[in-house]
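Numbering (my numbering), first residue to last: 120 to 478.
Encoded as structure tokens, the structure appears first; notes follow it.
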């Protein structure tokens with residue numbers, strides 16, 4: 120792609136997509152619409168446990184070791200085993216049929232400097248959450264898991280280990296529920312952000328992707344796609360949105376997209392709105408403004424320590440979009456109803472749940 124051509128193309132895309140959004144993304148369903156079978160979907164970013172930026176930007180090896188050690192210590196501090204109890208309680212409370220999860224981190228460690236991949240599990244967010252759901256007696260099945268970025272680096276004192284983070288996107292389906300899974304799919308995006316590491320002279324790829332389930336509710340079928348678009352590069356994010364439209368969203372019939380999209384129509388920087396308008400121009404309808412025209416529906420962010428005031432959220436990037444004969448009936452943003460014993464929220468994001476009628 121010619122970098123000089125991209126701003127002009129994106130500017131034209133923004134203008135055209137904004138016009139389409141007015142006609143597609145923000146139109147309320149007709150008042151006489153008769154809802155059929157209903158499905159409840161949820162999107163939840165679990166928060167990997169810290170900020171990778173200090174490690175990515177460390178200028179030399181000592182700073183790199185210190186940043187990695189601080190990151191691993193912060194992951195311990197924000198205590199996903201305790202946060203998993205909160206997420207399980209949210210799922211139990213809302214009873215979604217399908218749950219799209221992002222930042223389902225798998226943290227592993229190994230001997231410092233060992234060239235072999237680290238394998239000792241420190242935190243498996245998926246296993247911890249599934250165990251909490253089982254204890255609560257509210258069973259879910261893991262329908263599909265997609266590995267995303269897989270990063271490993273040495274962590275200095277006090278840890279003195281190689282620390283490995285594997286990011287995953289996951290879809291859960293309620294066990295024995297009203298929807299039945301007929302197929303699954305997943306994949307990584309072709310376009311991903313590549314970041315140089317000054318400390319090592321290498322680079323790291325922020326691999327991202329998507330998961331999908333095909334389900335039936337009675338005789339009504341639909342596809343639910345879950346994704347986590349690039350956070351730090353608007354051009355890459357647009358390309359990933361285009362890949363979704365040309366890939367997992369390019370199916371006939373009813374389609375639902377859930378996820379942390381890292382884009383939205385009201386974000387302060389116009390360039391960060393482009394991926395949203397790309398999806399809307401591709402026929403996806405944003406359900407939140409249909410049901411809550413006067414509520415911004417902010418979902419992020421509650422800070423790295425997960426202790427910010429509940430009203431500090433300031434962006435709507437966790438969304439439910441639909442296409443086809445799907446009518447939004449109800450939706451809610453949640454996530455500040457409970458805290459861990461040491462006063463932390465379940466995530467730096469809020470969750471979003473929506474009830475959809477399949478007409």
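Note that beta-carbon positions come from the ideal geometry of N, C-alpha and C, so glycine has one too.
No experiment lies behind these values; they were computed from the predicted model shown.
Would you mind giving the Cβ-Cβ distance between residue 281 and residue 231, rounded to the nearest angstrom? I have them listed as a contact below 8 Å.
Residue numbering aside, residue 281 sits at position 162 when the chain shown is read from its first letter. Residue numbering aside, residue 231 sits at position 112 when the chain shown is read from its first letter. Contact holds; Cβ gap of about 6 Å.
Where does the unbroken beta strand (DSSP E) through residue 382 begin, and where does it stop?
Taking the chain shown and counting its residues from 1, one reaches residue 382 at position 263. Where residue 382 is concerned, there is no enclosing beta strand (DSSP E), given that its DSSP letter is neither H nor E.
Hey, how far is the Cα of residue 416 from the Cα of residue 407?
Locating residue 416 in the chain shown gives position 297, where the first residue counts as 1. Locating residue 407 in the chain shown gives position 288, where the first residue counts as 1. Taking the straight line from one Cα to the other gives about 7 Å.
Entirely within the segment 332–391 and at least 4 residues each: give me those alpha helix (DSSP H) ranges in chain order.
353–365
For residue 328 and residue 265, believed in contact at Cβ under 8 Å, the rounded distance:
Here the question's residue 265 lines up with position 146 in the chain shown. Here the question's residue 328 lines up with position 209 in the chain shown. With a Cβ gap of about 5 Å, residue 265 and residue 328 count as contacting.
Which full runs of the beta strand (DSSP E) of 3+ residues lie inside the segment 203–288, going along the chain?
217–221, 225–230, 239–243 and 259–274
Within 9 Å, strictly: CB atoms of residue 283 and residue 372:
Against the chain shown, residue 283 aligns to sequence position 164. Against the chain shown, residue 372 aligns to sequence position 253. The answer is no: Cβ separation not under 9 Å.
How is residue 197 classed by DSSP in three states: helix, strand or coil?
Looking up residue 197 in the chain shown gives position 78. Note: residue 197 maps to helix in three-state DSSP.
Could you check whether residue 160 and residue 343 sit closer than 9 Å to each other, using their CB atoms as the reference points?
Along the chain shown, read from residue 1 onward, the residue named residue 343 stands at position 224. Along the chain shown, read from residue 1 onward, the residue named residue 160 stands at position 41. Closer than 9 Å, so yes.
To the nearest angstrom, how far is it from the Cα of residue 450 to the Cα of residue 189?
Position 331 of the chain shown holds residue 450. Position 70 of the chain shown holds residue 189. Those two C-alpha atoms are separated by around 38 Å.
For residue 419, does the three-state DSSP call read helix, strand or coil?
Taking the first residue of the chain shown as position 1, residue 419 is located at position 300. If DSSP states are grouped into helix, strand and coil, residue 419 belongs with the strands.
Is the beta carbon of residue 317 closer than 9 Å to that of residue 179?
Within the chain shown, residue 179 is the residue found at index 60, counting from 1. Within the chain shown, residue 317 is the residue found at index 198, counting from 1. Yes, Cβ-Cβ distance for residue 179 and residue 317 is below 9 Å.
Tell me the rounded alpha-carbon separation between residue 256 and residue 331.
Taking the chain shown and counting its residues from 1, one reaches residue 256 at position 137. Taking the chain shown and counting its residues from 1, one reaches residue 331 at position 212. Distance between the alpha carbons of residue 256 and residue 331 is about 25 Å.
For residue 294, which residues of its own chain have a beta-carbon under 8 Å away from its beta-carbon, when the five flanking residues on both sides are left out?
Taking the first residue of the chain shown as 1, we reach residue 294 at position 175. So the qualifying residues of the chain are 258, 259 and 260.
Go through its chain and collect everything with a Cβ distance to residue 208's Cβ below 6 Å, but skip five positions before and after it.
Counting from one through the chain shown, the residue named residue 208 turns up at place 89. Same-chain partners within the cutoff: there are none.
Helix, strand or coil: which one does DSSP assign to residue 174?
Here residue 174 refers to the residue found at position 55 of the chain shown. Here residue 174 sits in helix by DSSP.
Euclidean distance between Cα positions of residue 191 and residue 444:
Residue numbering aside, residue 191 sits at position 72 when the chain shown is read from its first letter. Residue numbering aside, residue 444 sits at position 325 when the chain shown is read from its first letter. Straight-line Cα distance between these residues: approximately 46 Å.
Reduced DSSP secondary structure (H/G/I, E/B, other) of residue 184
Within the chain shown, the letter at position 65 stands for residue 184. DSSP places residue 184 in helix when its eight states are reduced to three.
Specify the secondary structure class of residue 396 as computed by DSSP and reduced to three states.
Taking the chain shown and counting its residues from 1, the one referred to as residue 396 is at position 277. It is helical.
Completely contained beta strand (DSSP E) runs for the segment 443–467, where each covers 3 or more residues:
445–453
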